[in-house]
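Asks: Sharing a structure below in structure tokens format, with a few things to ask.
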């Protein structure tokens, strides 16, 4: 092979970019024609044939072949992006097997094909290996092109100034910042630029790489040729404890986790310009998600992200100029910059709304109301939270009268991975601990149930639910029935077909599992839809063990309330949204307030009883949904004793179950939780907590606290017949069902309803009156997490409605 076929050797960055290339000299035939009187060469310069490309005289960026045309004549230009092309001579240099560049291309192709899934084409090679880098000067803010061999690091990107090299020496003594910016930079700001990207650049040195080893690199926007990417250990998915921002391949999707290789429906709607360039969006989003999960205590800004977004070519400019849009989208959706963190006074990527005449009024200072108010404050929107009680928290209310923290309402977080409640605990240092799943089950004679029998009945119970899941396929709501009836039917059918006969204890174990399900649903199974009772399982759920809020939820909600303007003892009685310029909110005290928007977060039971009147009346579709959804009832009893007598009977787990004597009483104290203080100076604070659910709620409704305590002690005596069960030193019994401002525990779906009812509950009225709370969250109803996320959702809707106005 001749020397002329060798690639020119020049280490100067500007000589490797293609911008300084002189046009190729005239061919001898052209000169001869001119000598003979011909005024023009016969071969005219070609422009890029890509429709819409602004490059009238393309310049080859490859500079690989000795015959490279530079910006002269070539038989064909290959378009990569606006302003980035390579000539046919350079194409041949790598494509033809007798050319020197062929071996370089083949080696790259081997690596690409080994780790990637996309075509190892010449165009991909050129884009991945020969394009230069573009960096923005931190002084003059102009964009500069660097050579293809520049070693890109986070520190270099952060410190780059015009004319600098990796050693921070100037290539010339001239003031580099005074040089004009390349005209191609402006092309990236044209709305047509993304449509002219033929070969999307893939990112390298990505901080998200170690957590995406289960995916093809080019499927998540990373280059397969990045050798460092392939040395990371496989299967690492946790960026930090309980934080896993990406779905795991071949595993069910997880809540608040991104599918790293596809854009979601919301993302498609938000970023149509990325629709044909998903790899670019995915690479950026995955990097942003990783950075946030690595440091959830600091507001994530564009400046913090830019050094980690490294790719070749001028498209990097377009990526970074769209980064604010991505940060804003992920922030308002609650994926980043959420929870309890300090917010910059004026976050750059959040749109500015002129001061509104009236504040947003949030009715209810529970988890949803406080989440919405805090998020609105982050977005620069003033709000006032009106709370009827003398405290914040709503159905979250911790009690320390027994010497240790016991939640009268919620105290357990269901699924800890990516759960925003756990994220806020980590942000603030609030303690929590995992709940084990070991539960000793005892019958009414004080005998511990054989674990093998319990496992068999647990399997049978869940198998019947699986059969119901098969039955309901292709069933319409008119064919719905209650879950208990359908369960009994399937259970009996199993017995008839199998000719098996369960013992009395086995049947009692089934009632025990029914009681647990009724606790989870908040009502008796004969009030639950057989078709829709677990509709939320169709959506990703929070994975990982359940968490006990050791010191309760209240301290978390108190922190959420910091910086939020709230007023207690303000019972709202009416909302008048009949005028266009404001909404009038009236309180029982006689005070009136004008609002630009109103967010209603009161419990569903209060809406059912029309405790708040609306003018005009709520639309029929909203009132119908309010009437259809069910309001569940669960009560809690907590007892403090001098000693842990249950430990003397060999109970070592933190919970033990009670097998009911009969179905009608199955909801009476089915599980006891040991919430005794773990602190050494609180050894005497031995606390048991249990629940009353299902039909059993009606049994205790008219009984005094003392009578309910006696019933509970009677159950404990049956479970531990060889122990002397003392009377509790202290106790409390909740009365959520009759609480004036609650009147329920959480919502459920009765027969004939489905998850659409939750969605309808979440719909606003005329972009004026909005609704939040656990009964408005289809994916996570019946939970504090669902309430919190509904507040985040409505804050976004309210902000966008104000922005549109």
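Numbering (the numbering used here), first residue to last: 1142 to 1946. C-beta atoms are modelled at their ideal positions from N, C-alpha and C, and glycine is treated no differently.
Under three-state DSSP, which class holds residue 1777?
Replies: strand
Asks: Does the Cβ of residue 1217 have 16 or more other Cβ atoms within 10 Å, making it buried, or fewer, making it exposed?
Replies: Classification for residue 1217: exposed.
Asks: Based on DSSP bridge pairs, tell me the residues matched to residue 1727.
Replies: 1715, 1733
Asks: How many whole angstroms separate the CB atoms of residue 1577 and residue 1794, which I take to be in contact at a CB cut-off of 8 Å?
Replies: Cβ-Cβ separation between residue 1577 and residue 1794: approximately 7 Å, consistent with a contact (criterion under 8 Å).
Asks: Report the CB separation of residue 1355 from residue 1370 in whole angstroms; it is logged as a contact under 8 Å.
Replies: Not really, about 13 Å apart at Cβ, beyond 8 Å.
Asks: By alpha-carbon positions, which one of 1627, 1677, 1843 ends up nearest to residue 1666?
Replies: 1627
Asks: How many whole angstroms separate the CB atoms of residue 1555 and residue 1924, which I take to be in contact at a CB cut-off of 8 Å?
Replies: A Cβ-Cβ separation of about 6 Å places residue 1555 in contact with residue 1924 under the 8 Å criterion.
Asks: When the Cα atoms are used, what is the spatial distance from residue 1801 to residue 1931?
Replies: In this structure, the CA atom of residue 1801 is about 37 Å from the CA atom of residue 1931.
Asks: So what does DSSP say about residue 1163, is it helix, strand or coil?
Replies: Here residue 1163 scores only 37 on pLDDT, less than 50, and its place in the model is too uncertain to base an answer on.
Asks: Would you call the segment 1414-1432 and the segment 1358-1368 in contact, with 3 or more CB pairs under 8 Å?
Replies: Yes, they touch.
Asks: Taking DSSP's pairing of strands, which residues face residue 1772 in a bridge?
Replies: 1888
Asks: On the DSSP bridge list, what partners appear for residue 1281?
Replies: DSSP lists no partner for residue 1281.
Asks: Is the CB-CB distance between residue 1534 and residue 1698 below 8 Å?
Replies: yes
Asks: Hey, how far is the Cα of residue 1815 from the Cα of residue 1592?
Replies: 20 Å
Asks: When burial is assigned at 16 or more other CB atoms within 10 Å of the CB, is residue 1237 buried or exposed?
Replies: When all chains shown are included, residue 1237 counts as exposed.
Asks: Which of helix, strand or coil does DSSP assign to residue 1738?
Replies: In the structure shown, residue 1738 falls within a strand segment according to DSSP collapsed to helix, strand and coil.
Asks: Which residues in the same chain have their Cβ closer than 7 Å to the Cβ of residue 1870, if we skip the five residues on either side of it in sequence?
Replies: 1781, 1782, 1783
Asks: List the whole-angstrom C-beta distance separating residue 1199 from residue 1209, where the pair is believed to meet the contact cut-off of C-beta under 8 Å.
Replies: Their Cβ separation, rounded to whole angstroms, is 12 Å, which puts residue 1199 and residue 1209 out of contact at 8 Å.
Asks: By Cβ distance, which residues of its chain are closer than 8 Å to residue 1944, with the 5 residues on each side in sequence left out?
Replies: 1492, 1494
Asks: Could you check if residue 1669 is buried or exposed, using at least 16 other CB atoms within 10 Å of its CB as the buried criterion?
Replies: buried
Asks: Within this structure, are the beta carbons of residue 1224 and residue 1289 separated by less than 8 Å?
Replies: no
Asks: Just list the residues that DSSP pairs residue 1339 with in beta bridges.
Replies: Answer is none; residue 1339 lacks a bridge partner.
Asks: Does the ligand GTP have a heavy atom nearer than 7 Å to the CB of residue 1437?
Replies: Among the components of this structure there are no ligands whatsoever, and the ligand GTP is therefore not found.
Asks: Report the option in 1466, 1587, 1855 whose CA atom is closest to the CA atom of residue 1810.
Replies: 1855
Asks: Can we say the segment 1505-1517 touches the segment 1902-1918, given the rule of at least three CB pairs closer than 8 Å?
Replies: yes
Asks: Restricting to runs no shorter than 3 residues, where is the beta strand (DSSP E) found entirely within the segment 1784-1826?
Replies: The segment 1784-1826 contains these whole beta strand (DSSP E) runs: 1796-1799, 1809-1815.
Asks: Taking C-beta to C-beta, are residue 1205 and residue 1234 nearer than 8 Å?
Replies: yes
Asks: Alpha carbon to alpha carbon, how far is residue 1501 from residue 1629? Give it in angstroms, no decimals.
Replies: 50 Å
Asks: Quick one: using the 10 Å Cβ neighbour count with 16 as the cut-off for buried, is residue 1377 buried or exposed?
Replies: With fewer than 16 other Cβ atoms inside 10 Å of its own Cβ, residue 1377 counts as exposed.
Asks: Beta-carbon within less than 7 Å of residue 1858's beta-carbon, same chain only, minus the 5 sequence neighbours each way: which residues are those?
Replies: 1866
Asks: Based on Cα-Cα distance, which residue from 1472, 1514, 1744 lies nearest to residue 1489?
Replies: 1472
Asks: Would you decide whether residue 1311 is buried or exposed? Buried here means 16 or more other CB atoms lie within 10 Å of its CB.
Replies: In this prediction, residue 1311 has a pLDDT of 48, which is less than 50 and means its spatial position is unreliable; what the coordinates show is noted afterwards. Residue 1311 should be labelled exposed.
Asks: Select from 1636, 1646, 1536, 1694 the residue whose C-alpha is nearest the C-alpha of residue 1561.
Replies: 1694
Asks: With the cut-off set at 8 Å, would you say residue 1287 and residue 1274 are in Cβ contact?
Replies: yes
Asks: Please work out which residues of its chain come closer than 6 Å, Cβ to Cβ, to residue 1406, disregarding the five sequence neighbours upstream and downstream, and give them in chain order.
Replies: none
Asks: Do the CB positions of residue 1623 and residue 1892 come within less than 8 Å of each other?
Replies: yes
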